[in-house]
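Peer 1: So in the working numbering, the last spot in the sequence shown is 1064, and the numbers never skip.
Think of the CB as a built atom: it goes at the ideal place given N, C-alpha and C, for glycine as much as any other residue.
The structure presented is a predicted model; accordingly, all values stated were derived computationally and were not measured.
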Amino acid sequence: MVIVMKPHTSQEEIQRLARQLEEKEKVSVGITNGVGCSILGLVGDTTHLDIHMLEMEPSVERVMRVQEPYKKANRKFHPQDTVVDVAGVPIGGGNFAVIAGPCSVESKEQVVEVARDVKASGAKLLRGGAFKPRTSPYAFQGMGLDGLALLEEARAATGLPIVTELMSPKYCEIFEEKVDLVQIGARNMQNFDLLKEVGKMSKPILLKRGLSNTYEEWIMSAEYIMAGGNENVILCERGVRTFETYTRNTLDVSAIPAVKRMSHLPIIVDPSHAAGKHWMVEPLAMAAIAAGADGLIIEVHNDPLHAKCDGPQSLTPEKFDALMEKVGSMVDLATKNGVKYREMYF
């Protein structure tokens, strides 16, 4: 529930009403002071509150029930697109960026070579898994902290900010120090203890959509992070689980305009995990850009046939370079039609 105060209401009156609501109605009240007026955001069970009685308060302009349970991530409270700065690379608000690199870090030679290749093709950030969540306990789990050190070496060699997945709260301090964009993977999207911890971090967070989660559940996970104090969140659509088995997952392109209407947070797309097939990455990437995505995250490996993780969905550097030429043209076209896209969101 939101209470809009009348213009120029004194802070004393605002604080009085806030205390009254907290003490009598047992809700939490957040105060946002804007230009000309202030807003009280009520969090908790507001179903018993009478809007008409609240509007009888002399200082209240109007009262609105908010259907969505998220506040900080809500487009209604933050009409302008959020731009997240990742070590100098802006994402969102018309700023498009491509993240590329191997699924997992396997060696110094591999990750540095791929980093140089993707940078030459136009990627702005380097992805690479140091810790890998795998369905099988016998599959390659990543190199751990040694892999993170190799990512740092690749960053030093190329200048590309690094993106890697955090799986446990115990590594938050290390990631805070060493990683530029902290990824929360699909399997951890509703790991609420982890979300609370990354909410305390200052580094931006890349939040992937869960395997079978709704838009609201996904945004609510972002809300967990933002409620902890970290409002630099980028959403990532990576395909969801459906009855179809031909592809690894089913890319939900409709998530892009839908989430942009619901939230001000940037949204990027992972066509590699969505398809699970390297030859489908290009058409899905083009579809994502056409739908208004703020970026892409693409898996690139210098030897996909011998990759320790997700080789079938990885592009070679040569194929990635060819894709990036088309991405550039598609982004230019989408930018020229940006007004039309914005009209869809509001």
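Counting pairs of beta carbons, one from the segment 1036-1051 and one from the segment 969-983, are three or more of them closer than 8 Å?
Peer 2: The segment 1036-1051 vs the segment 969-983: no contact.
Peer 1: Which full runs of the beta strand (DSSP E) of 3+ residues lie inside the segment 934-965, going along the chain?
Peer 2: List check, beta strand (DSSP E) in window: 951-955.
Peer 1: Can a CB atom of chain C be found closer than 8 Å to the CB of THR1034?
Peer 2: Reference to chain C is not applicable here, since this structure consists of a single protein chain.
Peer 1: Judging by CA-CA distance, which residue of VAL804, MET861, GLY847 is the nearest neighbour of HIS1019?
Peer 2: Residue numbering aside, residue 1019 sits at position 301 when the sequence shown is read from its first letter. Looking at the Cα atoms, GLY847 is the closest of the given residues.
Peer 1: With three or more beta-carbon pairs closer than 8 Å as the criterion, would you say the segment 857-873 touches the segment 806-818?
Peer 2: No, they do not touch.
Peer 1: Ordered along the chain, which non-local residues of its own chain (more than five positions away) have a Cβ less than 6 Å from that of LEU924?
Peer 2: Here the question's residue 924 lines up with position 206 in the sequence shown. Answer for LEU924: LEU899, GLN901, ILE952, CYS954, listed in chain order.
Peer 1: Would you kindly report the start and end of the unbroken beta strand (DSSP E) that includes SER854?
Peer 2: Within the sequence shown, residue 854 is the residue found at index 136, counting from 1. Careful: SER854 lies outside any beta strand (DSSP E) and carries neither H nor E.
Peer 1: Measure how close the beta-carbons of MET919 and ASN948 come, nearest whole angstrom, since I'm counting them as under 8 Å.
Peer 2: Position 201 of the sequence shown, counting from 1, holds the residue named residue 919. Position 230 of the sequence shown, counting from 1, holds the residue named residue 948. Rounded, the Cβ-Cβ distance is 6 Å, consistent with contact.
Peer 1: Going along the chain, which residues of its own chain have a beta-carbon closer than 8 Å to the beta-carbon of CYS890, five neighbours each way excluded?
Peer 2: Working through the sequence shown from its first residue, we reach residue 890 at position 172. Excluding positions up to five away in sequence, the list reads LEU884, GLU915, VAL916, LYS918, MET919.
Peer 1: Quick one, which of VAL753, LEU767, LYS789 has its alpha-carbon nearest GLU743's?
Peer 2: Taking the sequence shown and counting its residues from 1, the one referred to as residue 743 is at position 25. The shortest C-alpha separation from GLU743 is found at LEU767.
Peer 1: Answer yes or no: do ALA1003 and PRO989 have a C-beta to C-beta separation smaller than 8 Å?
Peer 2: For this step, residue 1003 is matched to residue 285 along the sequence shown. For this step, residue 989 is matched to residue 271 along the sequence shown. In contact: ALA1003 and PRO989 (Cβ atoms closer than 8 Å).
Peer 1: Only counting runs of 3 or more residues, tell me where the beta strand (DSSP E) segments fall wholly within the segment 1001-1044, in order along the chain.
Peer 2: Whole beta strand (DSSP E) segments, 3+ residues: 1013-1017.
Peer 1: Can you tell me where the alpha helix (DSSP H) with GLU871 in it begins and where it stops?
Peer 2: As a working mapping, residue 871 is identified with position 153 in the sequence shown. Segment 863-876, the alpha helix (DSSP H) holding GLU871.
Peer 1: By Cβ distance, which residues of its chain are closer than 6 Å to ARG783, with the 5 residues on each side in sequence left out?
Peer 2: Residue numbering aside, residue 783 sits at position 65 when the sequence shown is read from its first letter. The residues are MET719.
Peer 1: Can the beta-carbon of VAL823 be found closer than 8 Å to that of GLY865?
Peer 2: In the sequence shown, counting from the first residue as 1, residue 823 sits at position 105. In the sequence shown, counting from the first residue as 1, residue 865 sits at position 147. Going by C-beta atoms, VAL823 is nearer than 8 Å to GLY865.
Peer 1: Evaluate THR800 with the Cβ neighbour count: other Cβ atoms within 10 Å of its Cβ, from every protein chain shown; 16 or more gives buried, anything less gives exposed.
Peer 2: Numbered from its first residue, the sequence shown carries residue 800 at position 82. With 16 or more Cβ atoms within 10 Å of its Cβ, THR800 is classed as buried.
Peer 1: Considering Cα atoms alone, identify which of CYS821, GLY1010, GLU871 is closest to ARG687.
Peer 2: The question about residue 687 has no answer, for the chain in this structure spans 719 to 1064.
Peer 1: Quick check on VAL1057: buried or exposed, where buried means 16 or more other Cβ atoms within 10 Å of its Cβ?
Peer 2: Counting from 1 along the sequence shown, the entry for residue 1057 is found at position 339. Residue placement at VAL1057 cannot be trusted, given a pLDDT of 48 that sits under 50; what the coordinates show is reported in the next sentence. Per the 10 Å Cβ criterion, exposed.
Peer 1: Looking at C-beta atoms only, is the number of pairs between the segment 1004-1016 and the segment 967-974 that lie closer than 8 Å three or more?
Peer 2: Because the criterion of three Cβ pairs below 8 Å is met, the segment 1004-1016 and the segment 967-974 touch.
Peer 1: With which residues is GLN901 paired in a DSSP beta bridge?
Peer 2: By 1-based counting over the sequence shown, the position of residue 901 is 183. Answer by DSSP bridge pairing, in chain order: GLU883, LEU924.
Peer 1: Take the Cβ of THR963 as the centre, count every other Cβ of all protein chains shown within 10 Å, and call the residue buried at 16 or more, exposed below.
Peer 2: In the sequence shown, counting from the first residue as 1, residue 963 sits at position 245. By the 10 Å Cβ count, THR963 comes out exposed.
Peer 1: Excluding sequence positions up to five away, which residues of its chain have a Cβ less than 7 Å from the Cβ of ILE1015?
Peer 2: As a first step, residue 1015 must be located in the sequence shown, where it is residue number 297. The residues are ILE817, ARG845, CYS954, ILE986, ASP988.
Peer 1: So within the segment 749-831, which uninterrupted alpha helix (DSSP H) runs reach at least 4 residues, ignoring any that extend past its ends?
Peer 2: List check, alpha helix (DSSP H) in window: 769-772.
Peer 1: Return helix, strand or coil for LEU1051, following the three-state DSSP convention.
Peer 2: Numbered from its first residue, the sequence shown carries residue 1051 at position 333. In the structure shown, LEU1051 sits in a helix (DSSP, three-state: H, G or I).
Peer 1: One question on the structure: do ILE732 and LEU772 come within less than 8 Å of each other, judged by their Cβ atoms?
Peer 2: Taking the first residue of the sequence shown as position 1, residue 732 is located at position 14. Taking the first residue of the sequence shown as position 1, residue 772 is located at position 54. No; because the gap between Cβ atoms is not below 8 Å, this pair is not in contact.
Peer 1: How about ALA1005 and ASN967: do their beta carbons lie closer than 8 Å?
Peer 2: Taking the first residue of the sequence shown as 1, we reach residue 1005 at position 287. Taking the first residue of the sequence shown as 1, we reach residue 967 at position 249. No.
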